[in-house]
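Encoded as structure tokens, the structure appears first; notes follow it.
Numbering (the numbering used here), first residue to last: 133 to 252.
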């Protein structure tokens, strides 16, 4: 693929999600700094980072592997968002916005994986 990864819609939407999670977690309780705050931030960074790393790989098979890791991290962000909601660290409206953005990223990421599968 000749496109730079930063031009990809899946990367751009993942970047938006990353910024959204960072903004939301600024309001989490201080006692969560090394707990949920750290964990959800690491997971969302993994989403965007593994898309980038996958695009830098030499083969479609390697790229798909990194995209699968990215997808797994996206599911992790989703699960941790439920925890944040259950603990009342985020409102129902904030949760729905995050969940909608996660769904967009899932759809785009699955499409990107399918694109690379066709190259095998």
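Glycine included, C-beta positions come from ideal geometry on N, C-alpha and C. Since this is a predicted model, take the numbers as computed values, not measurements.
Whose C-beta lies closer than 7 Å to the C-beta of residue i among residues of the same chain, with five residues either side of it excluded?
i           : result
residue 252 : 192 and 193
residue 173 : 153, 154 and 157
residue 227 : 213 and 217
residue 253 : Within the shown structure, residues of the chain are numbered from 133 to 252, placing residue 253 beyond reach of any answer.
residue 206 : 179, 234, 237, 238 and 241
residue 137 : 143, 183, 184 and 187
What first and last residue would you give for the alpha helix (DSSP H) that runs through residue i?
i           : result
residue 231 : 224–250
residue 165 : Residue 165 -> no alpha helix (DSSP H), and no H or E assigned at all.
Tell me which same chain residues have a C-beta within less than 6 Å of the C-beta of residue i, skipping the five on either side of it?
i           : result
residue 221 : 160
residue 201 : 182
residue 236 : 145
residue 189 : 195
Taking residue i as the reference, give the member of the options with the closest Cα.
i           : options               : result
residue 146 : 207, 179 and 213      : 179
residue 234 : 151, 137 and 139      : 151
residue 209 : 232, 197 and 225      : 232
residue 215 : 177, 171 and 204      : 171
residue 229 : 162, 203, 148 and 136 : 148
Spatial neighbours of residue i within its chain, please: CB distance less than 8 Å, with the 5 preceding and 5 following residues excluded, ordered by chain position.
i           : result
residue 199 : 182, 183, 186, 241, 244, 245 and 248
With DSSP collapsed to three states, give me the class of residue i.
i           : result
residue 172 : helix
residue 191 : coil
residue 136 : coil
residue 221 : coil
residue 148 : helix
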